[in-house]
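Residue numbers (my numbering), protein chains in the order written: chain A, 1 to 228; chain B, 229 to 456.
Using N, Cα and C, we set each Cβ at its ideal position, and we do this for glycine too.
Just so you know, these numbers come straight off a predicted model, no measurement behind them.
Protein chains: 2
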Amino acid sequence: MLRFPDCHEQDETLSQPAHRLKVRAALRDGPSTRRRILMAALKAFARHGFDGVSLRTIAVEAGVNHQLIAHHFGSKQDLWDAALEARQEDFQEFHQALSITGDSSDPRDQFRSCVKTIIKFTLASPDIPCIHYHEALINRSARKNSDRYQRLLEDRIARYRTQIQRLLTQAMEAGIIAQVPIDDFFFVFQGAVLHRIIVAKESEHFAGVPIEEVVDAHTDAIVGSFAR
Amino acid sequence: MLRFPDCHEQDETLSQPAHRLKVRAALRDGPSTRRRILMAALKAFARHGFDGVSLRTIAVEAGVNHQLIAHHFGSKQDLWDAALEARQEDFQEFHQALSITGDSSDPRDQFRSCVKTIIKFTLASPDIPCIHYHEALINRSARKNSDRYQRLLEDRIARYRTQIQRLLTQAMEAGIIAQVPIDDFFFVFQGAVLHRIIVAKESEHFAGVPIEEVVDAHTDAIVGSFAR
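Now the structure itself:
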């Protein structure tokens, strides 16, 4: 079972002796305020995208004065970076969980475990994939990717892609799924897994049950349609 | 080959004798202005979502005075409805194209044709799927779907779903793809087809070619991984 810990970063502002007032505020509010802001930011960015969110909205969601966000994080872009970074710990746990599924003896069980792990992780932490889709939509018809999206692609998505492709290649070599060029199959697999979780309300509308209750049906559908 | 005609609706304002000024403006600007506004609206909604777009932005994109939009369409919600309706003609052609692929003698060719038709249509008219993803993201964590999303689900998506599921069921019955509960498989298939087109810039970043050039590779990857 995956566990997705909350983030408890150190407040770097504590080490800046020049900002007496900031230090006092940070001592008073502590890491839990930082965490509350980061979680509110992730949720808001996931729902409305970077441009659709103001620091003021995030402040209301987090139950803090919006100047406190500027104090803790600086600009909206800085907050975005910090919010994505705050998920890094979860991702490491996710990558570790995926590696462990690679140890199963039966390759079919192994493939199933991988699919289920990805589904469960995405359901528990849907914000990064949602943010990813927002950036994809905004940049889709742009002449040039925004710096933000470019960094998302080069840092986070490239790393994720490498690990998933390794697991899919193993499944192909074991004859569990069809031999398809991996760079093309990545998108097929990724869409097959993510789509239902992203369009959760469409799934709930047509299936009549909360998205959390379709983990097994969704896993079975993916394994059943890809595995030989 | 699919052809996606521009929309040429009648301007209903012409039949409202009470609005002399409006009639004169409509006569002067004609359906081409309406069309330009609708196309600009679709593009803007697809990129930024309903909330991320102002009538003023659409007016700039369409190269018209923003009061002309209010004159032609009324509110932003009315413009949204008109823009989605303007795609209706394309959708009918798409549904017809899909039906024709159902006539092929070889079920595997038939399945391949369906997949390619959906990919080509989505590439030619990505705005409705993009708008759909925006609505999915906004409503994902909402307690209750917005009226706009609810109508999208009940009207357009339900109809699309019915036709795609019929084709997928035929492919299952012909033994081309695995027997998987169709309500679950719909999301797997839909994600497999749409994802790469939505995250077009990610595809371009990693594949190094424009999204339009991966139609065959993407079709092959889907058919190769699902078909038996």
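Going by the beta-carbon positions, is the gap between I346 of chain B and L365 of chain B smaller than 9 Å?
-> no
Three-state class that DSSP yields for A370 of chain B in the structure shown | coil
Between the Cα of E85 of chain A and the Cα atoms of A:D127, A:E61, A:F206 and A:H195, which residue gives the shortest distance?
-> Out of A:D127, A:E61, A:F206 and A:H195, the CA that lies nearest to the CA of E85 of chain A is found in A:D127.
Using Cβ-Cβ distances below 8 Å, what residues of the segment 113-130 of chain A are close to chain B?
-> Of all residues in the segment 113-130 of chain A, only P126 and C130 come within less than 8 Å of chain B when Cβ atoms are compared, listed by chain position.
Please determine, among A:I131, A:T162 and A:L123, the residue with the shortest C-alpha to C-alpha distance to K201 of chain A.
-> Put simply, of A:I131, A:T162 and A:L123 the residue whose alpha carbon is nearest the alpha carbon of K201 of chain A is A:L123.
Per-residue burial, I211 of chain A [other beta carbons within 10 Å of its own, 16 or more giving buried] = buried
With 9 Å as the threshold, decide whether the Cβ of S369 of chain B is near any Cβ in chain A.
-> yes
May I have the straight-line CA-CA distance separating H360 of chain B from A62 of chain A, to the nearest angstrom?
-> 28 Å
Taking 9 Å as the CB-CB cut-off, is Q190 of chain A touching chain B?
-> yes
Interface positions of the segment 254-283 of chain B facing chain A (Cβ-Cβ less than 8 Å), listed along the chain | K271, A274, R275, H276, G277, D279 and G280
Give a yes or no on whether the C-beta atoms belonging to R336 of chain B and V408 of chain B are separated by under 9 Å.
-> No, the pair does not count as a contact, with Cβ atoms beyond the cut-off.
For chain B, find out if any of its Cβ atoms is closer than 9 Å to the Cβ of E64 of chain A; answer yes or no.
-> The question names Glu, yet the displayed sequence has Val at residue 64 of chain A. False, the Cβ-Cβ gap to chain B never drops below 9 Å.
Is DSSP giving L27 of chain A helix, strand or coil here?
-> Only weak support exists for where L27 of chain A lies, its pLDDT of 49 falling under 50; the value from the coordinates is given anyway. L27 of chain A: helix per DSSP, three-state reduction.
Does the beta-carbon distance from A44 of chain A to I58 of chain A come in below 9 Å?
-> yes
May I ask which residues mark the beginning and end of the alpha helix (DSSP H) holding I182 of chain A?
-> I182 to I198
Taking the alpha-carbon positions, what's the K344 of chain B to T447 of chain B distance?
-> As the crow flies, the alpha-carbon of K344 of chain B is around 6 Å from that of T447 of chain B.
Check each candidate in B:Q320, B:L283, B:V421 and B:E432 and name the one with the smallest Cα separation from R387 of chain B.
-> B:Q320
Test item: CB-CB of T329 of chain B and L395 of chain B under 9 Å = yes
State buried or exposed for A254 of chain B, treating a residue as buried only when at least 16 other CB atoms are found within 10 Å of its CB.
-> For A254 of chain B, the pLDDT reaches just 48, beneath the cut-off of 50, and the residue's location in the model is therefore unreliable, leaving the point undetermined.
A70 of chain A - DSSP class collapsed to helix/strand/coil = helix
When the cut-off is 9 Å and only beta carbons count, does P409 of chain B lie next to chain A?
-> With 9 Å as the cut-off, P409 of chain B counts as an interface residue toward chain A.
Less than 9 Å separating the beta-carbons of L270 of chain B and R315 of chain B?
-> yes
Where V427 of chain B meets chain A, residues with beta-carbon distance less than 7 Å = A136
Within the same chain, show all residues whose beta-carbon is closer than 8 Å to that of P129 of chain A, passing over the 5 residues directly before and after it, in chain order.
-> T122, L194, I197 and I198
On the premise that L266 of chain B lies in contact with A311 of chain B, defined as a C-beta separation below 8 Å, what is that separation, rounded to the nearest angstrom?
-> 5 Å
The alpha helix (DSSP H) spanning R229 of chain A covers which residue range?
-> Residue 229 of chain A is absent from the structure shown; chain A starts at 1 and stops at 228.
Those residues which DSSP pairs with A455 of chain B across a bridge = B:I405
Looking at the structure shown, is F278 of chain B part of a helix, part of a strand, or coil, going by DSSP?
-> coil
Can you give the beta carbon distance from D183 of chain A to F322 of chain B, rounded, assuming they're within the 8 Å contact cut?
-> Actually they do not touch by this definition, with Cβ atoms about 28 Å apart.
Take the Cβ of G280 of chain B as the centre, count every other Cβ of all protein chains shown within 10 Å, and call the residue buried at 16 or more, exposed below.
-> Buried: at least 16 other Cβ atoms inside 10 Å.
Given F226 of chain A as reference, the closest of B:E432, B:A445, B:I404 and B:V443 once Cα atoms are compared | B:I404
When the Cα atoms are used, what is the spatial distance from E213 of chain A to N373 of chain B?
-> 19 Å
How many Å lie between V251 of chain B and H362 of chain B at the Cα?
-> Only weak support exists for where V251 of chain B lies, its pLDDT of 46 falling under 50; the value from the coordinates is given anyway. Spanning the two alpha carbons is a distance of roughly 35 Å.
Proximity test, Cβ basis, 9 Å: P245 of chain B and chain A | Any answer about P245 of chain B is weak, because its pLDDT of 49 lies below 50 and its placement is not dependable; what the coordinates show is given next. For P245 of chain B, the answer is no, since every Cβ of chain A falls outside 9 Å of its Cβ.
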